[in-house]
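Engineer: Residue numbers (the numbering used here), protein chains in the order written: chain R, 1 to 386; chain Z, 1 to 398. No residue lacks a Cβ here, since even glycine has one placed at the ideal position from N, Cα and C.
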Amino acid sequence: MVAELKIRLVDTTLRDGEQAVGVIFTRWEKKQIATLLAEIGVPAIEAGYPPLGPEEQECVMAIAEAGLRVNGGVQPLEVNAFARARRDDVVAVAACGADAVVISISTSDMHIERKFRRSRQWVLEQIQEAADEARSLGLVFCVSAEDASRTDLAFLIQYYQLAEELGARTVRYCDSLGVEDPYTTYRRVKVLTQEIGLPVEMHMHNDFGMATANALAGVRAGARSVVSSIGGLGERTGNAPLEEVVMALTHLYGVSLDIDTSRFREIAEYVAGASQRAIPIWKAIIGTNVFAHESGIHADGILKNPSSYEAFSPEEVGLERQIVIGKHSGSNALVHKFRTEFGIELDGETANLLLERVRSTAVELKRPLFTKELMFLYEESWQGGA
Amino acid sequence: MEQHRSSGLTDTFTEEMLSSKIQGPVYIDDTTLRDGEQTAGVVFANEEKIHIARMLARVGVHQIEVGIPAMGGDEKETIKRIADLGLPASILAWNRAVVEDVQKSLDCGVDAVAISISASDIHIKHKLQRDRQWVLDSVKRATEFAKKHGLYVSVNAEDASRADRQFLVEFGLAAKEAGADRVRYCDTVGILDPLETYERVKSLVDEIALPIEMHTHNDFGMATANAIAGLEAGATYVNTTVNGLGERAGNAPLEELVMALQYCAGISLGIRTSLFRELSEYVALASGRPLPAWKPVVGGNLFVYESEGRASGVVRDPATYEIFLPGEVGLVRRFNVGKYSGASAVRQQLRERGYHPLDGEVSKLVPVLRTRAIELKRSLFASEVVEEYLALGDGRRR
């Protein structure tokens, strides 16, 4: 059963990702990012939001014209662009040569009444008009419900059913404010997948730190598509990160997505550079510290068997394992370090004495020690050196 | 790769799960000073540890996990000093399941101890190189010793998420029999998801009838969701760290957990959340790990509005895009002008600077400012927006 399951990814680094405050990609960077995504096997991207103006239109056009192929194979990368539920937005998308359009409007009463100051009926009319335009222009389209998580479920069903009648390919469920927990997501998406014939797509935000868990809860409930971004880049706290979604689906659920995960670190570094948002060293899956072990207990366990403290090996995501020597190190890691790096065999007593000096030096310096410093400490104590 | 779970993606959430509500009360045991500091590369100065303990007590966490007395030296000394402060929180020290370690905690004058040992066969076999019985005996010895000396005891099942479930029950019952006050369920490698967490914790709660504490890691980005799932299943304690500091990808962040409990689960813990940003900034600096602008709950960008879709909503009513007010976590609301901005952010920024642009002026300005932001590859400063606006009035721009 699991093997048959197909989960489709749509990456929105270039749209919701770029919408993060202060982030702007150049046209060239956008094309590079699209290329990298296609190379690692992501089948579809949101390339941008053409109604913004001529520059953005040229960005989307450049990507659409690049003829990118998924995984270097025959399948073309599907280039989507974003539109509000308005005819002119859809026309702008079509003019860029995009393959598909994501048509979006808020469906919650909160947004309808307080942001638009309109009615539910008006929302349905808007989506109808935009969908008609997309159809007449020959665009594949996804109908997206902004603020779906705060939308009355009965109205959401009505909205998605209309999308189905209008010929949408997928419907998108947006937790625009990132307020859902996995159980709520599961409960609601389950109802939707039972009521709607179209595939449901999850677009989750990380405001309470639950974007990935919620996206996966949606998949468990029957959603068959996930919107992600590299490193989770996106509005406010960001979206469900591509690397977390892929690794969790693979390692926790055994769902294969045919993505070259060994390039995750490389791609995340590119996006970090282009967005000027450094990857925190503790970022799940791709942070450099994720495979760094310092504490005595963990380092000892890792040296005996990496799976003691690692759910997957660092090479799978393009990282390396490191044993850091500092305040929390134990003697086994120290012995190992000296044996493998300096060819010195420490006896038990020496290791314990050296460990004391290592710990007090690390506290004094307020950081772990460099390999060279370990050697200095060793020489000072046992070689009469320095 | 080892198979971590019995269930696949096709499992469903049960009705019981979906209708479960956290009963409360929920207690927070913050481990910034222990698991947080254990992070590779992080060392707090002694004075910083003491200051963080004070701040945590002021914020109102119920228990502070302060460190590992068995490390000796500075660590032991600092723990003693924190225990002597008389803070309005329980002070807990971490120990291996070894009597000598617990003795060192006693020397420090703490009122509570965590007694920790691995419960999974993979750890017992490869790391400890012992057997299950040895683990149970160690738990019993250390726990009985601690209880004899009047300490509150949390017995930590390290790597519980990969432990044999039947053995974990045995482990919990052994701890209970030895007098433990609670059992900590550790997802040490961070491989659970909320469904799996719920199932496992629920059966443990039912079988051992002792308070359970959740200790989750963020390796797949689900630490917060898993901690909450554990609470839904009946756990009553949760182990957090400020900013999620902790081994590898870190722990469940204090600030996310408290706000998610309040706004997703409707449970208020009486924590002074308005101090969160300040606390997060302090820990970020002391740990040498800058706070990302996009960090959930406390990131500097969370209440900055740039794209027109959001800015237009918030101008009309903040509730369109805000679940809680920025002041609740010590942040402020701001408007920024960038590539995705439209009339709302531009008008708002000019108004804050004392200008009252006409609609026609704003619609002329928007494309000019967007182009400028794209050229500069960044959002604009308010002064740049003002300058363009004034240029418009001077007739320097058409």
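Assuming contact is defined by CB atoms lying nearer than 7 Å, are Z/TYR198 and Z/MET17 in contact in what I supplied?
Structural biologist: Translated into the one-based positions of the second sequence, residue 198 of chain Z becomes position 198. Translated into the one-based positions of the second sequence, residue 17 of chain Z becomes position 17. Yes, these two residues count as a Cβ contact at 7 Å.
Engineer: Name the DSSP bridge partner or partners of R/PRO241?
Structural biologist: Counting from 1 along the first sequence, the entry for residue 241 of chain R is found at position 241. DSSP output for R/PRO241 lists R/SER229 as bridge partner(s).
Engineer: Report the residue from Z/ALA178, Z/ASN226 and Z/ASP181 whose alpha carbon sits nearest the alpha carbon of Z/VAL201.
Structural biologist: Within the second sequence, numbered from 1, the residue matching residue 201 of chain Z stands at position 201. Here the closest residue by C-alpha is Z/ASN226.
Engineer: What residues in the segment 118-134 of chain Z bring their beta carbon closer than 7 Å to a beta carbon of chain R?
Structural biologist: Per Cβ criterion, the list reads ILE122, HIS123, HIS126 and LYS127.
Engineer: Residues of the segment 177-205 of chain R in Cβ contact with chain Z at a cutoff of 9 Å, in chain order, please.
Structural biologist: If the cut-off is 9 Å between Cβ atoms, the segment 177-205 of chain R has LEU177, GLY178, VAL179, GLU180, ASP181, PRO182, TYR183, THR184, TYR186, ARG187 and LYS190 near chain Z.
Engineer: Going by the beta-carbon positions, is the gap between R/GLY17 and R/SER229 smaller than 7 Å?
Structural biologist: The count along the first sequence starts at 1 and reaches residue 17 of chain R at position 17. The count along the first sequence starts at 1 and reaches residue 229 of chain R at position 229. Result yes, Cβ atoms of R/GLY17 and R/SER229 sit closer than 7 Å.
Engineer: Alpha carbon to alpha carbon, how far is R/CYS142 from R/ALA134?
Structural biologist: Your numbering for residue 142 of chain R matches position 142 in the first sequence. Your numbering for residue 134 of chain R matches position 134 in the first sequence. Cα to Cα, the separation comes out at about 10 Å.
Engineer: Any beta-carbon of chain R closer than 7 Å to the one on Z/GLN103?
Structural biologist: Within the second sequence, numbered from 1, the residue matching residue 103 of chain Z stands at position 103. Output row for Z/GLN103: interface = no.
Engineer: Compare the Cα-Cα distances from Z/TYR27 to each of Z/TRP94, Z/ILE228, Z/GLY67 and Z/VAL43 and report the closest residue.
Structural biologist: Within the second sequence, numbered from 1, the residue matching residue 27 of chain Z stands at position 27. Minimum Cα distance to Z/TYR27 is reached at Z/ILE228.
Engineer: Of all the options Z/TRP134, Z/ILE64, Z/ARG54 and Z/GLN129, which has the alpha carbon lying nearest to the alpha carbon of R/ASN305?
Structural biologist: Counted from its first residue, the first sequence places residue 305 of chain R at position 305. Among Z/TRP134, Z/ILE64, Z/ARG54 and Z/GLN129, the Cα nearest to that of R/ASN305 belongs to Z/GLN129.
Engineer: If we count Cβ pairs, one from each stretch, closer than 8 Å, do we get three or more for the segment 69-84 of chain Z versus the segment 92-108 of chain Z?
Structural biologist: yes
Engineer: Determine the burial state of R/VAL10: buried for a count of at least 16 other Cβ atoms within 10 Å of its Cβ, exposed for fewer.
Structural biologist: Your numbering for residue 10 of chain R matches position 10 in the first sequence. So R/VAL10 counts as buried.
Engineer: On a Cα-Cα basis, can you pick out the residue from R/GLU316, R/PHE342 and R/ILE279 that is closest to R/LEU374?
Structural biologist: To locate residue 374 of chain R, count along the first sequence from 1; it is residue 374. Of the candidates R/GLU316, R/PHE342 and R/ILE279, the one whose C-alpha sits nearest the C-alpha of R/LEU374 is R/PHE342.
Engineer: Name the one or two DSSP bridge partners that Z/GLY67 has.
Structural biologist: By 1-based counting over the second sequence, the position of residue 67 of chain Z is 67. Z/ALA93, per the DSSP bridge assignment.
Engineer: Name the residues in the segment 205-237 of chain Z whose C-beta lies less than 8 Å from a C-beta of chain R; which are they?
Structural biologist: ASN218, ASP219, PHE220, GLY221, MET222, ALA223, THR224, ALA225, ASN226, ILE228, ALA229 and GLU232
Engineer: At a CB-CB cut-off below 8 Å, which residues of chain R make contact with Z/LEU18?
Structural biologist: Residue 18 of chain Z sits at position 18 when you count from the first residue of the second sequence. Result: TYR183, TYR186 and ARG187.
Engineer: Looking at the C-beta of Z/SER307, does it have a partner C-beta in chain R at a distance below 7 Å?
Structural biologist: Mapped onto the second sequence, residue 307 of chain Z falls at position 307. Cβ-Cβ to chain R under 7 Å: yes for Z/SER307.
Engineer: Is the CB-CB distance between R/ALA130 and R/VAL90 below 7 Å?
Structural biologist: Start at 1 with the first residue of the first sequence, and residue 130 of chain R comes out as number 130. Start at 1 with the first residue of the first sequence, and residue 90 of chain R comes out as number 90. A contact, by the Cβ cut-off of 7 Å.
Engineer: With H, G and I counted as helix, E and B as strand and the rest as coil, what does DSSP make of R/TYR253?
Structural biologist: On the first sequence, residue 253 of chain R is found 253 positions in, with the first residue counted as 1. Three-state result, R/TYR253: helix.
Engineer: Can you list the residues of chain R that Z/CYS264 reaches, using a CB-CB cut of under 9 Å?
Structural biologist: Taking the first residue of the second sequence as position 1, residue 264 of chain Z is located at position 264. For the C-beta of Z/CYS264, the chain R residues within less than 9 Å are, from N- to C-terminus, VAL179, GLU180, ASP181, THR184, PHE208 and MET210.
Engineer: Can you give, in chain order, each stretch of the beta strand (DSSP E) that sits fully within the segment 182-227 of chain Z and has at least 3 residues?
Structural biologist: 182-187 and 212-216
Engineer: Would Z/ALA260 count as contacting chain B if we go by Cβ distances under 7 Å?
Structural biologist: The structure shown contains no chain B; the protein chains it does contain are R and Z.
Engineer: With distance defined between alpha-carbon atoms, name the residue in R/LEU37, R/ASP207, R/CYS96 and R/LEU257 nearest to R/GLU55.
Structural biologist: If you number the first sequence from 1, residue 55 of chain R lands on position 55. Residue R/CYS96 holds the alpha-carbon nearest to the alpha-carbon of R/GLU55 among R/LEU37, R/ASP207, R/CYS96 and R/LEU257.
Engineer: Name the DSSP beta bridge partners of R/TYR183, please?
Structural biologist: The count along the first sequence starts at 1 and reaches residue 183 of chain R at position 183. DSSP lists no partner for R/TYR183.
Engineer: Buried or exposed: where does R/ARG15 fall if 16 or more other Cβ atoms within 10 Å of its Cβ makes it buried?
Structural biologist: As a working note, residue 15 of chain R is residue 15 in the first sequence. Answer is buried; the Cβ neighbour count reaches 16.
Engineer: Indicate, with yes or no, if the ligand FAD has a heavy atom lying under 6 Å from the CB of R/ALA223.
Structural biologist: Because no ligand of any kind appears in the structure shown, any question about the ligand FAD cannot be addressed here.
Engineer: Excluding the 5 residues flanking R/GLY239 on each side, which residues of the same chain have their C-beta closer than 8 Å to its C-beta?
Structural biologist: Your numbering for residue 239 of chain R matches position 239 in the first sequence. Checking the sequence shown, residue 239 of chain R turns out to be Asn, not Gly. Excluding sequence positions up to five before and after R/ASN239, its CB lies within less than 8 Å of the CB of THR12, ASP16, GLY17, HIS203, MET204, HIS205, ASN206, ALA211, VAL227, SER228, SER229, GLY232 and LEU233, all in the same chain and listed in chain order.
Engineer: Evaluate the contact criterion for the segment 307-320 of chain Z versus the segment 77-91 of chain Z: three or more CB pairs, one atom per stretch, below 8 Å.
Structural biologist: no
Engineer: Within the same chain, show all residues whose beta-carbon is closer than 6 Å to that of Z/MET1, passing over the 5 residues directly before and after it, in chain order.
Structural biologist: Working through the second sequence from its first residue, we reach residue 1 of chain Z at position 1. Below a pLDDT of 50, predicted positions are generally treated as unreliable, and Z/MET1, at 36, falls in that range; no measurement from the model is reported.
Engineer: List the residues of chain Z whose Cβ lies closer than 8 Å to the Cβ of R/GLN19, in chain order.
Structural biologist: Position 19 of the first sequence, counted from the first residue, corresponds to residue 19 of chain R. Within 8 Å Cβ-Cβ: GLU306, SER307 and TYR340.
Engineer: If you follow the beta strand (DSSP E) that R/ARG135 is in, where does it begin and where does it stop?
Structural biologist: Working through the first sequence from its first residue, we reach residue 135 of chain R at position 135. R/ARG135 -> not in any beta strand (DSSP E); alpha helix (DSSP H) instead, spanning 120-136.
Engineer: Identify the residues that DSSP records as bridge partners of Z/PRO253: which are they?
Structural biologist: Numbered from its first residue, the second sequence carries residue 253 of chain Z at position 253. Looking at the DSSP assignment, Z/PRO253 forms a beta bridge with Z/THR241.
Engineer: Any residues in the segment 317-342 of chain Z with a beta carbon nearer than 7 Å to a beta carbon of chain R? Which ones, in chain order?
Structural biologist: ASP317, ALA319, THR320, TYR321, ILE323, ASN336, GLY338, LYS339 and TYR340
Engineer: Can you tell me the Cα-Cα spacing of Z/SER7 and R/ARG114, whole angstroms?
Structural biologist: If you number the second sequence from 1, residue 7 of chain Z lands on position 7. If you number the first sequence from 1, residue 114 of chain R lands on position 114. Confidence at Z/SER7 is low in this model, with a pLDDT of 46, below 50, so its placement is unreliable and the value that follows should be read with caution. Near 43 Å, if we compare the C-alpha coordinates of R/ARG114 and Z/SER7.
Engineer: Does the distance from the CB of Z/LYS125 to the CB of Z/THR78 come in under 7 Å?
Structural biologist: On the second sequence, position 125 is the one that residue 125 of chain Z refers to. On the second sequence, position 78 is the one that residue 78 of chain Z refers to. For Z/LYS125 and Z/THR78, no; Cβs fall outside 7 Å.
Engineer: If contact means a Cβ-Cβ distance below 9 Å, which residues of the segment 368-382 of chain Z contact chain R?
Structural biologist: ARG370, THR371, ALA373, ILE374, LEU376, LYS377, ARG378 and SER379
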